[in-house]
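Per the working numbering, the sequence shown runs over residues -19 to 72.
Structure first, then comments.
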Amino acid sequence: MDIFISITIMVGLLLNLILLLKEGKDERWNHIISGPLNISFSLLFMGYTVSIILSGYFHFDLTTYKMYYDYLFCGVLVLYIVLLLMRRRKLS
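And the structure:
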């Protein structure tokens, strides 16, 4: 499962890079990217806060923390790419 998550993260980052190079750095791209970034980073901070709260009540081992953060980063990245593609299609 770790390999699948790593591949998902790499594909998401590669897709983000391709879209960035394709669209350029104009005003329209800044308008497209602002909404998905706000949502994604908010969810990332919320996920981190949840992990801190849960670690106060439960004692997890290192592999559980690694798995949690892998799923957190992968899920936020996938959500970011989906929202980015939807917003790009909407504003194109």
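Idealized CB from N, CA, C, for every residue including glycine.
H39 carries a coil assignment under DSSP once its states are collapsed to helix, strand and coil. Residue environment analysis places G(-8) among the buried positions, since at least 16 neighbouring C-beta atoms fall within 10 angstroms of its C-beta.
Around the beta carbon of I12, a 10 Å sphere encloses 16 or more other beta carbons of the protein chains shown; the residue is thus reported as buried. When L(-5), K70, Y49 are compared, the shortest CA-CA separation from V30 is found for Y49. Around the beta carbon of Y60, 16 or more other beta carbons sit within 10 angstroms, so the residue counts as buried.
Around the C-beta of V56, 16 or more other C-beta atoms lie within 10 Å, and the residue is accordingly described as buried.
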